[in-house]
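Numbering (the working numbering), first residue to last: 4 to 299.
For each residue, glycine too, the CB sits at the ideal point set by N, CA and C.
The structure under discussion appears below in the form of structure tokens.
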Amino acid sequence: MTRAPFSLQDPPGEEDLMALESLAVAVAVEAGTLITDQRPVDLGVAATKSSDTDVVTVMDRAAETLIRQRLHQARPDDAVLGEEEGGGGPAKSGITWVVDPIDGTVNYLYDLPDYAVSIAAAVGDPSTPGTWVPVAGAVVSPRRGEVYRARRGGGSYLVAGDRRIRLGGSGAADIAHALVGTGFGYAVQRRAWQGDIVRAVLPRVRDIRRMGSAAIDLCQVASGRFDAFWEVGLNPWDLAAGWLICTEAGIVAGGPQAGEDPQTALTLMAAPGIAVPFADLVRSSIRAAAPLPPES
Ligand code: IPD
Ligand code: CA
């Protein structure tokens, strides 16, 4: 007898979670090796997406193709939602893989090291904010030699060479001393609006970092290298695996809520000791800014 599809109400148990996590890690490591070892020396922009600065390279596409092949071979009844090819549910199994083949594509284009492969298995509908959760996943940063991994209820870990470190966030207790990550979208008006929020937050914290990969940013919060992170308008593939890696590390998450427009949904992650004042600071800074103009 075949099993009923997994769902938010009936998520995978420990044995399935372990298998999903192992698959996410194996496929993300393989894709990480591909993009790093086969990065063309003359890499250019293959296409642009939402704006002139939102680029795709041949390797984003090649990595997503490889990831889709590997996931399909291993689990043909699952669906895949990927940054380059879209897709998504419904899946016969109830599992949708949420895939960013290269998060930090602009870093990759410029040969800066902070890019990552992000792969998560989710239940629910990852294209609708607030109606899904990641249950297992991995973020692989090939140039840092770091693998971040998590499964629901199993904690999150950083594996680097022969080190395996359980992640627990930072002990930050004072927002004025918090190192905070953020990121920017690609649309011009959105960027101007995001600059206004940064201007309000920056004088109130230790400093702000913009690494260029939301997946890596989220893993920095999980590992305690950042105390907090926020960004408005992240896509599910930017945040799926990093979100789980954060929550399994005990980070307080304010994820996109049900019914929110993905373009304006706020992702917040913070060490428990500063979660409330950090959320207040970011939300009040957003309220004080002029409304985000609608994007065509
Ligand atoms: C982007 C990065 C960036 C974030 C943007 C994302 P991409 O993803 O994660 O840090 O600020 O919002 O779109 O385009 O490099 O896959
Ligand atoms: Ca991305």
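Spell out whether any CB of chain C is found under 9 Å from the CB atom of residue i.
| i | result |
| --- | --- |
| Glu234 | Although the question refers to chain C, the structure presented lacks it and comprises just one protein chain. |
I'd like the list of long-range same chain contacts for residue i, defined as Cβ closer than 8 Å, with 5 residues on each side in sequence excluded.
| i | result |
| --- | --- |
| Val59 | Val48, Ala49, Ala50, Thr51, Lys52, Glu87 and Thr108 |
| Ile289 | Ile200, Val235 and Leu269 |
| Gln260 | Pro132, Gly133 and Ala268 |
Using the Cβ count rule (16 or more neighbours within 10 Å means buried), how would you classify residue i?
| i | result |
| --- | --- |
| Tyr113 | exposed |
| Ala82 | buried |
| Arg301 | Any property of residue 301 remains undetermined from this structure, which presents the chain solely from 4 to 299. |
| Glu24 | buried |
| Pro43 | exposed |
| Asp230 | buried |
| Gln72 | exposed |
Per DSSP, which residues does residue i bridge with? Please list them.
| i | result |
| --- | --- |
| Pro129 | None, per the DSSP bridge assignment. |
| Gly89 | Gly85 |
| Val136 | Val126 |
| Phe232 | Gly184 and Met272 |
| Asp210 | Leu182 |
| Val102 | Gly85 and Ile122 |
Taking the CB atoms as reference points, tell me whether residue i and residue j lie closer together than 9 Å.
| i | j | result |
| --- | --- | --- |
| Leu1 | Trp100 | Because the chain in this structure spans residues 4 to 299, residue 1 falls outside the shown range and cannot be described. |
| Asp128 | Trp240 | no |
| Val102 | Gly35 | no |
| Val32 | Ala139 | no |
Only counting the same chain, and skipping five residues up and downstream in sequence, which positions put a Cβ closer than 7 Å to that of residue i?
| i | result |
| --- | --- |
| Asp63 | Glu87, Pro104, Ile105 and Thr108 |
| Ser173 | Gly227, Asp230 and Ala274 |
In chain order, what residues of the same chain have a beta carbon less than 6 Å from the beta carbon of residue i, not counting five sequence neighbours either side?
| i | result |
| --- | --- |
| Gly198 | none |
| Ser216 | Asp106, Gly107, Asp117, Tyr118 and Ala119 |
| Gly148 | Ala163 |
| Ser159 | Ala153, Leu170, Ala225, Ile248, Glu251 and Ala252 |
Residues near ligand 1, CB to any non-hydrogen atom under 7 Å, in chain order?
-> Residues flagged by the Cβ proximity filter: Asp57, Glu86, Asp103, Ile105, Asp106, Gly107, Thr108, Val109, Gly186, Phe187, Gly188, Tyr189, Met214, Gly215, Ser216, Ala217, Ala218, Asp220, Glu234, Gly236, Leu237, Asn238 and Asp241.
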